[in-house]
Every structure is written in C-alpha cells, then in structure tokens.
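Let me begin by presenting the structure, written as structure tokens, before commenting on it.
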Amino acid sequence: MTTTTALDQIRETVQSNDVVLFMKGTKSMPQCGFSSRVAGVLNYMGVEFQDVNVLADPELRQGIKDFSDWPTIPQLYVKGEFVGGCDIITEMTLSGELDTLLDQKGVAYDKAKAEEIRQANG
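Note that full-length UniProt numbering has the sequence shown beginning at 1, numbered continuously upward.
This is the structure we're talking about:
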C-alpha cells in the first residue's frame with residue numbers, strides 16, 4: 001500500500017493543474033511508447049500540461065494506480081477528472097471526443113492540429 005504522502009502529492013498535482021499526464025519519463029523525454037504517444041498528441045495539439053514522471057518515485061508509480069484504480073500508465077487527468085490511458089486517449093483523439101472534453105473543461109488547444117491528427121489516421 002502506498003503512503004499517504006504519495007496520494008496527497010497526486011491529489012495536489014491533479015487539483016492544481018488543468019491537465020496532468022502521469023507518465024513514464026517526461027513530455028520532452030518519454031520512456032515508453034504509450035507515454036510517448038499520449039504526450040505526443042497533447043504536445044502536437046498545443047495542450048499545456050503538467051507531466052509527472054512516475055519512474056522517478058516508486059511510491060508515486062504505485063500511488064497513481066491506487067488513486068485512479070487504473071492499472072496502467074500513462075494516465076491523463078483534465079480539471080481533476082481521470083480521463084484514461086493510452087488506448088482511451090488515442091480513441092478519444094480520433095473520434096473527436098478529446099476536443100469535446102477540452103472544450104467543455106475550458107482547456108485551450110489547437111483545433112486545426114487535432115483535425116490534422118484525425119485526417120492522418122482516418
């Protein structure tokens with residue numbers, strides 16, 4: 001079981017940032033393909049997001065799984081709400097659901113870049 005501090009740190013990070021990606025590595029240097037894909041989508045779409053490298057802290061790595069009750073990393077949070085991992089974010093990006101979510105939550109992004117991703121993968 002993770003310590004309260006790891007869960008408190010996660011809660012604080014999720015609440016104090018509009019968009020947070022718990023990932024393996026960093027947004028500029030992802031350490032796994034799934035983290036790289038989600039960070040790449042967010043970066044390409046111009047979404048400002050806080051990256052949290054779970055590889056830097058084993059308690060954080062387990063803590064985020066306990067926090068969300070989701071077994072895999074990366075994990076994306078928008079305005080405090082758990083959105084999903086790589087497969088879910090990929091599907092949401094391609095279906096336009098991610099745009100809708102970002103619009104609803106008031107998160108800025110480049111709509112043209114989001115459309116480019118869909119056209120390239122259509």
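From the three backbone atoms N, C-alpha and C, an ideal C-beta is built for every residue, glycine too.
Residues that DSSP places opposite residue i in a beta bridge
{"i": "Gly25", "result": "Pro30"}
{"i": "Asn53", "result": "Met23"}
Helix, strand or coil at residue i according to DSSP, with G and I counted as helix
{"i": "Val47", "result": "coil"}
{"i": "Asp8", "result": "helix"}
{"i": "Gly122", "result": "coil"}
Rounded separation between residue i and residue j - CA only
{"i": "Met45", "j": "Ala114", "result": "6 angstroms"}
Three Cβ pairs or more, each shorter than 8 angstroms: is that satisfied between the segment 22-30 and the segment 80-95?
no
Complete runs of the beta strand (DSSP E) confined to the segment 64-113 [at least 3 residues]:
For the segment 64-113, whole beta strand (DSSP E) runs of length 3 or above, ordered along the chain, are 75-78 and 81-84.
Count Cβ pairs between the segment 52-65 and the segment 84-103 that sit closer than 8 angstroms; are there 3 or more?
no
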